Amino acid sequence: MGARIEREFVLSEEWSERIFHKKQAVKVCQMLCRDVFLELFIDNSPMEQTYAHVCLQFSNTREIAENAQTSGYTTLVKESAGNKHTYFVRDGASKIPGAG
568 MGARIEREFV
578 LSEEWSERIF
588 HKKQAVKVCQ
598 MLCRDVFLEL
608 FIDNSPMEQT
618 YAHVCLQFSN
628 TREIAENAQT
638 SGYTTLVKES
648 AGNKHTYFVR
658 DGASKIPGAG
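In terms of this note's numbering, the sequence shown is residues 568 to 667.
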């Protein structure tokens with residue numbers, strides 16, 4: 568695939584529950600493949616329900632999240648070190664395609 572790992576970390580139990588409705592920490596692997604940044608959520612436990620998730624990076628992420636909220640979608644904001652924010656938009660199936 569030609570992707571390289573940029574960063575690996577564990578999403579806290581609290582944020583996993585808020586985002587995916589699953590109360591357990593989840594390993595996250597951020598990868599770069601050509602010009603595409605991928606964020607993979609890795610969970611090896613048997614799953615009754617999966618959580619499809621896509622994370623997109625834009626220069627106007629806050630505006631996109633605000634427009635989604637104005638349109639009636641549920642949004643979450645995760646603040647990180649360095650004053651960086653990740654915005655999540657929940658779709659109608661209670662999943663959260665991410666914008667971050």
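No residue lacks a Cβ here, since even glycine has one placed at the ideal position from N, Cα and C. Keep in mind the model is a prediction, meaning the values are calculated, not measured.
Listed in chain order, the non-local C-beta contacts of Leu-599 below 8 Å within the same chain comprise Ala-570, Arg-571, Glu-573, Leu-605, local neighbours out to five positions each way being set aside. The residues Gly-569, in chain order, have a CB closer than 8 Å to that of Arg-601 in the same chain once the five nearest residues on each side in sequence are set aside. Counting the other CB atoms within 10 Å of its CB gives Ala-648 a total below 16, which places it among the exposed residues. Pairing Phe-576 with Val-595 gives a Cβ-Cβ distance under 7 Å. Under the DSSP definition of a beta bridge, Lys-594 partners with Val-577, Ile-609.
In this structure, the CA atom of Leu-578 is about 15 Å from the CA atom of Ser-612.
Put simply, of Ser-626, Phe-625, Gln-591, Gln-624 the residue whose alpha carbon is nearest the alpha carbon of Ile-609 is Gln-591. If the five residues before and after Ser-583 are omitted, its C-beta is found closer than 8 Å to the C-beta atoms of Lys-589, Lys-590, Gln-591, Ala-592, Val-593, all from its own chain and listed in chain order.
A check of alpha carbon separations from Asn-650 across Thr-641, Arg-629, Asp-658 identifies Arg-629 as the nearest. Rounded to whole angstroms, the Cβ separation of Phe-655 and Leu-643 is 4 Å, and the two are in contact under 8 Å.
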